[in-house]
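Participant: Residue numbers (the numbering used here): 888 to 1285. From the three backbone atoms N, C-alpha and C, an ideal C-beta is built for every residue, glycine too. Input: one structure, supplied below.
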Ligand SMILES: Cc1ncc(COP(=O)(O)O)c(C=O)c1O
């Protein structure tokens, strides 16, 4: 039977990236002592209040269809929240509720770009970006992120890759996997480019509430002169430790939401009313679980950096936010994938090869900071011992 070309465009974008993770699970199932630092998920359950709110709403009969924009109560709550955080008036008409950041991003890309267009995106990037862009038919144009610039995307590097086909810049701040947070100057420089070349700016801000102490957050949604072209996608997946709720949103101009409405109506009818009610309550107050995650993830990143840099030739790029840290493994003389499989087999520590997130991270691996402190300490010891053995092997062959 014949399949549509989208299946071809997306083929090969799935499982291959997770080879180390799957191998780790196999070894674990066979009884090996493996410390898994591959996948990052909130390390706490959602607060019982969130579950109670959803259950109460279900019992109260909020189980019917929603509509293509989402429930009015949630759109109002998000409009208030984003008006307060951006200092601009964001109205409920600018808010479209969708199941998670992922679906919001997918819908946004399908609605804004197509075959013949190009989307500029930092490399490395979150694992699904390439698929979302390719699904739309547009081409992905990777913009290498420079560790010397803290992995923050540079406007000049974007400018160098703009062509007449460029249609959108996809930002991710805070960034997965690097933990970089864009500054207001970064956003304004990128915004000037977007205005000059008439590009959309799509900003995935799902980690906004996991920014470590003292790091300021900036969003293109807060810039009045980007009002017609900025779109923010986010959710309660990380902020409220509730990825399974699949409760997210896209916020842009009213022109953006009105043009995407028929797409959303064709696919879904917003988020389920009972989830929308629980989410409205959740986003109307500071998250009760985010401060603990911020504190734990920042402390673990510091531990990883201190131990590895004091006791090995490995270096760590300190994240400013999020659930991950990157280790520069170039001193081992191995590429990221070889290193990650070797570390797993020899030392029983599973990390993600940087190349799973883009070509730029050829000598980096990503470590999830969501494992308990004791597991991370043991992982540090194993990584240090593995690096020492590797240095010994290199010395012997040189
Ligand atoms: C950068 C980034 N965007 C989007 C998502 C998906 O978020 P959601 O669960 O809200 O769909 C993730 C999940 O890990 C992510 O890291």
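Helix, strand or coil for residue 956 per DSSP?
Facilitator: Within the chain shown, the letter at position 69 stands for residue 956. Residue 956 falls in the coil class under three-state DSSP.
Participant: Select from 996, 994, 1031, 1258 the residue whose C-alpha is nearest the C-alpha of residue 1012.
Facilitator: Within the chain shown, the letter at position 125 stands for residue 1012. Answer by Cα proximity: 1031.
Participant: Which residue comes first and which comes last in the alpha helix (DSSP H) that contains residue 1116?
Facilitator: On the chain shown, residue 1116 is found 229 positions in, with the first residue counted as 1. It is not in any alpha helix (DSSP H) - residue 1116 carries neither H nor E in the DSSP assignment.
Participant: Would you tell me roughly how many angstroms separate the C-alpha atoms of residue 921 and residue 915, rounded to the nearest one?
Facilitator: On the chain shown, position 34 is the one that residue 921 refers to. On the chain shown, position 28 is the one that residue 915 refers to. If I take the Cα positions, the gap works out to 6 angstroms.
Participant: Return the CA-CA distance between residue 1213 and residue 985, expressed in angstroms with no decimal places.
Facilitator: The residue given as residue 1213 occupies position 326 in the chain shown. The residue given as residue 985 occupies position 98 in the chain shown. Each residue's Cα considered, the two are about 31 angstroms apart.
Participant: According to DSSP, is residue 985 helix, strand or coil?
Facilitator: One-based indexing of the chain shown puts residue 985 at position 98. Strand, per DSSP.
Participant: With respect to the beta strand (DSSP E) encompassing residue 1009, which residues constitute its N-terminal and C-terminal limits?
Facilitator: In the chain shown, counting from the first residue as 1, residue 1009 sits at position 122. First-last of the beta strand (DSSP E) with residue 1009: 1005-1010.
Participant: Per DSSP, what kind of secondary structure is residue 891 in: helix, strand or coil?
Facilitator: Here the question's residue 891 lines up with position 4 in the chain shown. In the structure shown, residue 891 sits in coil (DSSP, three-state: anything other than H, G, I, E or B).
Participant: Would you check if the segment 1108-1124 and the segment 973-983 touch, i.e. whether three or more CB-CB distances between them fall below 8 angstroms?
Facilitator: As far as the Cβ criterion goes, the segment 973-983 touches the segment 1108-1124, which means the pair count is three or higher.
Participant: With a CB to CB cut of under 7 angstroms and the five nearest residues on each side skipped, what residues in its chain are close to residue 1010?
Facilitator: The residue you call residue 1010 lines up with position 123 of the chain shown. Excluding positions up to five away in sequence, the list reads 1029, 1030, 1031, 1032, 1245, 1246, 1247.
Participant: What residue does the alpha helix (DSSP H) around residue 1228 start on, and which one ends it?
Facilitator: For this step, residue 1228 is matched to residue 341 along the chain shown. Residues 1223-1234.
Participant: Quick check: is any heavy atom of ligand 1 less than 7 angstroms from the C-beta of residue 1130?
Facilitator: Counting from one through the chain shown, the residue named residue 1130 turns up at place 243. Result yes, Cβ under 7 angstroms from ligand 1.
Participant: Any heavy atom of ligand 1 within a distance shorter than 7 angstroms of the CB on residue 1059?
Facilitator: Against the chain shown, residue 1059 aligns to sequence position 172. Under cutoff, so the answer is yes.
Participant: Give me the DSSP bridge partner(s) of residue 1031.
Facilitator: Position 144 of the chain shown holds residue 1031. The partner list for residue 1031 (beta bridge, DSSP) reads 1010.
Participant: Given 7 angstroms as the limit, tell me if residue 1166 has its C-beta closer than that to any heavy atom belonging to ligand 1.
Facilitator: The residue you call residue 1166 lines up with position 279 of the chain shown. Residue 1166 Cβ: outside cutoff for every heavy atom of ligand 1.
Participant: For residue 1099, which three-state DSSP category applies?
Facilitator: By one-based count along the chain shown, residue 1099 stands at place 212. Of the three classes helix, strand and coil, the one that applies to residue 1099 here is coil, per DSSP.
Participant: Let me make sure I understand the geometry here. Which of 1092, 1046, 1055 has the alpha-carbon closest to that of residue 1067?
Facilitator: As a working note, residue 1067 is residue 180 in the chain shown. Ranking the options by Cα distance to residue 1067, first place goes to 1092.
Participant: Exposed or buried, residue 1073, counting other C-beta atoms within 10 Å across all chains shown (16 or more means buried)?
Facilitator: As a working note, residue 1073 is residue 186 in the chain shown. Residue 1073 is buried by the Cβ-count criterion.
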